[in-house]
Each structure stands twice: as C-alpha cells, then as structure tokens.
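K.L.:
In the working numbering, the protein residues as written are 675 to 980.
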C-alpha cells in the first residue's frame with residue numbers, strides 16, 4: 675500500500691472500475707470521508723443537475739450511449755420544467771458517422787430523430803478540442819477540427835469513454851496484465867495472467883467489471899456472470915484441498931442497452947431486437963429493470979417521481 679504496509683491474500687479480485695472525463699458521473703476517487711457518503715454524492719448530483727438545467731448553452735462531446743442519454747435528459751427535463759425559451763441549447767459533437775455505435779443504423783437513426791425532436795443539434799464526423807476563455811465571460815469554446823467552426827458554450831462535457839485507473843498493477847509480477855490502453859486483460863476464467871502461472875489452478879488474481887474489457891460494459895452482463903467469478907474464486911481457494919471445485923469459463927450473456935431520450939422516449943437495443951416502445955419509459959420510471967432491482971434490494975420508495 676502507499677503507506678508501506680502489506681496485505682496478504684489467498685485470492686484477490688481487482689474491481690476498481692474506471693474513471694471518466696466528467697466528474698459528475700461519480701467515478702472519481704473521493705478525497706475525503708464526507709465525499710464517500712451517499713448524502714454528499716446525492717447532493718453533488720443534484721447540484722450538477724441544477725447547473726446543467728440552468729445553463730444557456732451546453733456542448734456534449736461524444737455521441738455514444740452516455741453522451742446521447744445525457745443530452746436527451748438535459749433537453750427533455752429542462753423542457754418539462756420550463757418553457758422552450760428557457761431550455762439550454764444542447765449540441766452533440768460525435769466523431770463517427772452515426773450516434774451510438776453499438777446500435778445498428780436503424781436504431782441509431784431513431785435515437786437521433788428523438789434527440790433532434792427535443793431541439794438538440796447533432797454534428798457528426800467531427801472531433802473537437804476545448805479552449806478555456808479567460809475573463810468575465812468564462813464561456814468555453816469548442817473548435818471543430820474539420821470545419822474549424824467554433825461553438826461557444828456555458829458548459830462543455832466530454833463523454834468520450836472511460837479512463838483506466840489500473841496503473842497500480844505490478845509490471846514485474848504481471849507484465850501482460852495491461853493492454854496498450856491500460857485496461858486489465860484476463861483469460862476466460864477472469865484470471866489475470868501473471869509470471870509462471872500457466873496452470874489456471876495456480877492463479878488467484880482476478881479482474882472483473884469496468885477495469886477490464888473482457889465483458890461488455892453493461893450492468894446486466896456483470897450481474898449475469900458474477901456467479902462464474904464467485905465459482906472460480908472458490909476453485910482457487912480449494913486448490914490445495916481435497917475438495918476440488920471445477921473451474922468455469924465465462925460466456926457473454928444476452929446484453930441489452932436501454933438509452934433514454936428525455937423523460938418519455940428512448941431506444942432499447944440488443945443483438946436480438948430493438949424497440950422504442952415501453953422499455954425506455956420503464957427505465958425512466960424505475961431506473962432499474964425488475965430483476966436487477968430486486969437483486970440489489972431497491973424498494974418502492976426509490977422510484978423516481980413524475
């Protein structure tokens with residue numbers, strides 16, 4: 675540890691998540707005991723929500739699932755709260771030819787239509803850089819690299835993917851643990867490759883969740899495969915005993931993404947089908963679908979108010 679102390683273990687699971695370019699996502703490490711509390715996190719999110727709804731102009735850089743949902747929520751809820759004349763001017767700048775690259779063209783086109791119906795300006799095939807202005811205005815300027823166009827905004831939010839926080843992995847003990855971008859690699863048992871451990875029965879370091887690209891970044895995928903991780907942890911712990919546990923390989927389960935566009939619309943997308951009906955509305959009303967909601971013990975009082 676940083677203070678020089680050593681913690682020994684029989685099995686270790688690295689599940690440190692990932693950071694983001696936008697602090698309000700709550701992925702950064704807390705800097706005080708107060709920041710660890712639910713009360714502080716809820717208050718910080720509420721304050722950021724007010725800041726966004728009260729801004730006159732917002733640019734979201736990145737048109738993936740997070741960027742489109744954020745832009746849709748800002749425009750949709752601001753319009754629901756105030757008249758159209760008081761809602762922020764929201765712009766999405768995306769480097770690719772379509773929004774939400776994980777979706778097929780038809781679903782992405784429907785998502786774009788819903789966002790444009792909320793008054794959001796969408797700019798595709800453009801990368802952007804941010805210039806901080808000094809002085810009383812304090813606005814930011816977003817410069818589009820291809821057209822050289824400049825967009826002034828009160829608030830600029832980057833949603834261009836997550837940032838790895840895995841530099842603590844020992845490069846001598848785990849020279850193959852990190853890929854070129856800094857994410858933790860694993861085998862099909864969630865084991866992190868280490869020196870001299872060709873036999874999986876010798877492995878006792880695992881990685882799971884956003885810190886590793888082994889699985890798609892979706893809550894239902896992690897919930898569906900957590901039991902495989904648990905089994906292999908037990909198999910590792912029983913390695914030197916008479917009670918041998920069979921190791922299991924993970925299989926990527928059915929993955930679906932429900933992307934909302936404001937309080938009432940959105941697109942649910944999966945490899946099997948996609949729809950604009952019902953499921954996005956359910957997500958907005960509950961924040962979780964029924965199975966995950968029950969698994970984590972959420973009660974009725976946690977549902978969102980109209």
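Virtual Cβ for every residue (Gly too), placed ideally from N, Cα, C. Please read these numbers as outputs of a predicted model, since none were measured by experiment.
1) Is it the case that the region 676-696 contacts the region 883-892, given that we only count it when at least three CB pairs across the two stretches are under 8 Å?
2) Could you check if residue 784 is buried or exposed, using at least 16 other CB atoms within 10 Å of its CB as the buried criterion?
3) Do residue 727 and residue 752 come within 8 Å of each other at the CB atom, strictly closer than that value?
4) Helix, strand or coil: how does DSSP classify residue 813 here?
5) Using only alpha-carbon positions, find the residue among 748, 940 and 764 that is nearest to residue 774.
6) Starting from residue 901, trace the alpha helix (DSSP H) both ways and give me its first and last residue.
7) For the region 856-864 against the region 820-834, do three or more pairs of beta-carbon atoms, one drawn from each stretch, fall closer than 8 Å, so that the two count as touching?
8) Quick check: the region 920-939 against the region 779-795, are there 3 or more CB pairs under 8 Å?
9) Using three-state DSSP, classify residue 948 as helix, strand or coil.
10) Just checking my contact of residue 801 with residue 772 at CB under 8 Å: how many whole Å lie between their CB atoms?
11) Are the beta-carbon atoms of residue 806 and residue 814 separated by less than 8 Å?
12) DSSP beta-bridge partners for residue 837?
13) Straight-line CA distance for residue 766 to residue 952?
14) The beta strand (DSSP E) with residue 934 in it runs from where to where?
15) Within 10 angstroms of its Cβ, does residue 910 collect 16 or more other Cβ (buried), or is it exposed?
16) Counting only the same chain and skipping the five closest in sequence on each side, list residues whose C-beta sits under 6 Å from that of residue 850.
17) Would you identify the three-state DSSP class for residue 852, choosing helix, strand or coil?
18) Which residues in the same chain as residue 817 place their Cβ atom closer than 7 Å to its Cβ, once the five residues preceding and following it in sequence are excluded?
19) May I ask you to report which of helix, strand or coil DSSP gives residue 676?
20) Out of 756, 695, 705 and 730, state which residue places its alpha-carbon closest to the alpha-carbon of residue 741.
21) Applying the criterion that 16 or more other CB atoms from any shown protein chain within 10 Å of the CB defines a buried residue, is residue 898 buried or exposed?
22) Rounded to whole angstroms, what's the CA-CA distance from residue 678 to residue 848? Just pull it up for me.
P.N.:
The answer reads as follows:
1) Touching, yes, given that three or more Cβ pairs across the two stretches are closer than 8 Å.
2) Buried, by the Cβ-count rule.
3) The Cβ atoms of residue 752 and residue 727 lie closer than 8 Å to each other.
4) For residue 813, the secondary structure class from DSSP, reduced to helix, strand or coil, is coil.
5) Residue 940 is the option with its Cα nearest to residue 774.
6) Taken as a continuous stretch (DSSP letters only), the alpha helix (DSSP H) holding residue 901 covers 893-911.
7) The region 856-864, when compared against the region 820-834, does not touch it at the 8 Å Cβ threshold.
8) Segment contact: the region 920-939 against the region 779-795, three or more CB-CB distances shorter than 8 Å; contact assigned.
9) Residue 948 carries a strand assignment under DSSP once its states are collapsed to helix, strand and coil.
10) Not quite, the Cβ-Cβ distance comes to about 15 Å (not below 8 Å), so this is no contact.
11) In this structure, residue 814 lies closer than 8 Å to residue 806 by Cβ.
12) Per DSSP, 693.
13) Their backbone Cα atoms lie some 25 Å apart in a straight line.
14) Start and end: 930-934.
15) By the neighbour-count rule (16 or more Cβ atoms within 10 Å), residue 910 is buried.
16) Excluding sequence neighbours, residue 850 sits near 867.
17) Residue 852 falls in the strand class under three-state DSSP.
18) 802, 803, 805 and 824.
19) Correct three-state label for residue 676: coil.
20) Cα-wise, what sits closest to residue 741 is 695.
21) That one is buried.
22) Straight-line Cα distance between these residues: approximately 20 Å.
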